[in-house]
Amino acid sequence: MSPLSLDALVEPNGTKGIVCIRVADASDVECLSIYFTGLSATTRNKRFMGARADLAAVAAECVAKAGHPDHFTLLAELRQEGQRTIIGETRYAYDPAARHGDFAISVADVFQRKGVGLRMMTSMERHASNLGHEMIAAETTRVNAEMRGLAKKAGFEDTGLGDWQSVNFAKRLSR
Ligand SMILES: CC(C)(COP(=O)(O)OP(=O)(O)OC[C@H]1O[C@@H](n2cnc3c(N)ncnc32)[C@H](O)[C@@H]1OP(=O)(O)O)[C@@H](O)C(=O)NCCC(=O)NCCS
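Written out as structure tokens, the structure reads:
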């Protein structure tokens, strides 16, 4: 996938970098585990809709199905001065019975609200559409304003309330 250059993406220390959105593979497990470990507890709890302690196992799960046509994990990778750092991830899986894809997403705390999440959503949709998938659906908590805002900005529509604390949204993909 093509690198995306974000001038606005400046680290707290003022260093600029290029952000690439790419598909994860088995060699990314360790970096992904470090990424999950570095998230704040708040972001991590929102990402997993609850606490997870087994982050190395979660990272392994994310890439376990690399190469499987109905699953992929996208990484947002910051490249600067020869160094590569994961600053976001999106895990996608297609449910053939429900006939839609499902996803979960996170962006590292200091890089949030800089457009990385939206770019990953766009990449995910393109990728899913190229796989022949026609719909993506997801669930988040009712109090997750950032995910609800991101979904709305990406063109997803609310499809109703889930259990007492969750909300569902979905988007039909154009081909
Ligand atoms: C949800 C999340 C991935 C968004 O990523 P991001 O890179 O910060 O999002 P973007 O910068 O691309 O924001 C795109 C739009 O989303 C909405 N948005 C993002 N953060 C928001 C916030 N804190 N409050 C309200 N809306 C928000 C806005 O509409 C925003 O557009 P704008 O900046 O032009 O107003 C990020 O906040 C995150 O990692 N949250 C914790 C994990 C999580 O909740 N995951 C979802 C459950 S799987």
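Numbering (UniProt numbering), first residue to last: 1 to 175.
Virtual Cβ for every residue (Gly too), placed ideally from N, Cα, C.
Values in this document were obtained by computation on a predicted structure and should not be read as measured data.
What runs of the alpha helix (DSSP H), each 4 residues or longer, lie entirely inside the UniProt domain "N-acetyltransferase" (41-175)? Qualifying alpha helix (DSSP H) stretches, in chain order: 41-48, 55-64, 116-130 and 145-153.
Taking the continuous alpha helix (DSSP H) assigned at S27, which residues delimit it? Premise fails: S27 is in no alpha helix (DSSP H) and is neither H nor E.
Just to confirm before moving on: does the CB-CB distance between T141 and M49 stay below 8 Å? yes
Close beta carbons around K116, own chain, < 6 Å, minus the five adjacent residues each side: First, the amino acid is wrong: residue 116 is Val here, not Lys. So the qualifying residues of the chain are A76, G88 and V107.
Which residues have a Cβ closer than 6 Å to any heavy atom of ligand 1, listed in chain order? Environment of ligand 1, chain-ordered: T43, K46, R47, A104, I105, S106, V107, Q112, R113, K114, G115, V116, G117, L118, T140, N144, A145, E146, M147, G149, L150 and K153, taking every residue with Cβ within less than 6 Å of a heavy atom.
For S129, which residues of its own chain have a beta-carbon under 8 Å away from its beta-carbon, when the five flanking residues on both sides are left out? L173, S174 and R175
How many angstroms separate the CA atom of G101 from the CA atom of C62? 15 Å
Would you call the region 92-100 and the region 144-158 touching, i.e. three or more CB-CB distances under 8 Å? no
Between the C-alpha atoms of R99 and Q80, what's the straight-line distance to the nearest angstrom? C-alpha separation (whole angstroms): 40 Å.
With a CB to CB cut of under 6 Å and the five nearest residues on each side skipped, what residues in its chain are close to T85? L78
Out of I105, G67, G149 and L32, point me to the one whose CA is closest to A57's CA. L32
Same chain, Cβ closer than 6 Å to E134, neighbours up to 5 away in sequence not counted: L173
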